[in-house]
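In the numbering used here, the protein residues as written are 1 to 210.
All residues carry an ideal CB built from backbone N, CA and C; glycine is no exception.
Quick caveat: nothing in here was measured; it's all calculated off a predicted structure.
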Ligand code: 5GP
């Protein structure tokens, strides 16, 4: 069974860059490509960043119970397809999901073993500066994103890990450390270490006097 890593962050926290770098460095990780009704942006590719579909199609898929979780974010629908877990398992990979706090809550209920990570900008001021620097949004949208960030951040304690993103290289290293450590939790490696344990059992000889 694949491990599931949920990554959430307010817009502008640097989450996409960190997730992309993490995936480049770890071939055993696979990105869950969500479905969305929002418009494609810039260099985004259908099937790579998202599966872009209409509202009607999205609502049809909700009715068919096709989503593991879904939510409405910034007036658009976003959802994780149920098949993403099977695809990752077939590839022998662990899954990374870039989803919002509403989706994270739904997934934590459905997959209690999922590992959740919240990425935080070092301060509101820095978040505001980053949102302006990417010059993607109007002033109105920037102000809305800041309000929404304050709202999302209130949910930080629902996550297993909080990563304050001060510097990209350092944050990527810490993300890798979380992934590596989670993979060797005792309950997850119990099966894998059986052959090693067996070599010790076989070597057990009675100690004199026992
Ligand atoms: P953006 O439009 O900037 O790519 O994403 C907006 C927000 O939607 C981000 O917080 C992102 O994490 C979230 N999001 C992307 N895909 C999903 C998804 O499948 N489910 C949920 N719940 N949120 C998603």
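{"Item": "Report yes if the CB atom of residue 78 is closer than 9 Å to the CB atom of residue 117, and no otherwise.", "Value": "no"}
{"Item": "With a threshold of 8 Å, are at least 3 pairs of Cβ atoms found where one atom belongs to the region 48-57 and the other to the region 20-36?", "Value": "yes"}
{"Item": "Tell me residue 72's beta-bridge partners as DSSP assigns them.", "Value": "77"}
{"Item": "Bridge partners of residue 30, per DSSP?", "Value": "95"}
{"Item": "Taking residue 184 as part of the beta strand (DSSP E), name the residues at either end of that continuous run.", "Value": "Where residue 184 is concerned, there is no enclosing beta strand (DSSP E), given that its DSSP letter is neither H nor E."}
{"Item": "Suppose contacts are defined by Cβ-Cβ distances below 9 Å. Is residue 80 in contact with residue 103 by that definition?", "Value": "yes"}
{"Item": "Closer than 8 Å to a non-hydrogen atom of the ligand 5GP - does that hold for the CB of residue 164?", "Value": "no"}
{"Item": "Consult DSSP for residue 119 and reduce its assignment to one of helix, strand or coil.", "Value": "strand"}
{"Item": "Select from 166, 154, 203 and 147 the residue whose C-alpha is nearest the C-alpha of residue 74.", "Value": "147"}
{"Item": "Between which residues of its own chain and residue 166 is the CB-CB distance below 7 Å, once the five residues before and five after are set aside?", "Value": "122"}
{"Item": "Run through DSSP, which three-state label would residue 43 get?", "Value": "coil"}
{"Item": "Quick check: the Cα distance between residue 16 and residue 7, rounded to an integer number of angstroms?", "Value": "10 Å"}
{"Item": "Under the three-state reduction of DSSP, which class applies to residue 53: helix, strand or coil?", "Value": "coil"}
{"Item": "For the region 122-133 against the region 175-189, do three or more pairs of beta-carbon atoms, one drawn from each stretch, fall closer than 8 Å, so that the two count as touching?", "Value": "no"}
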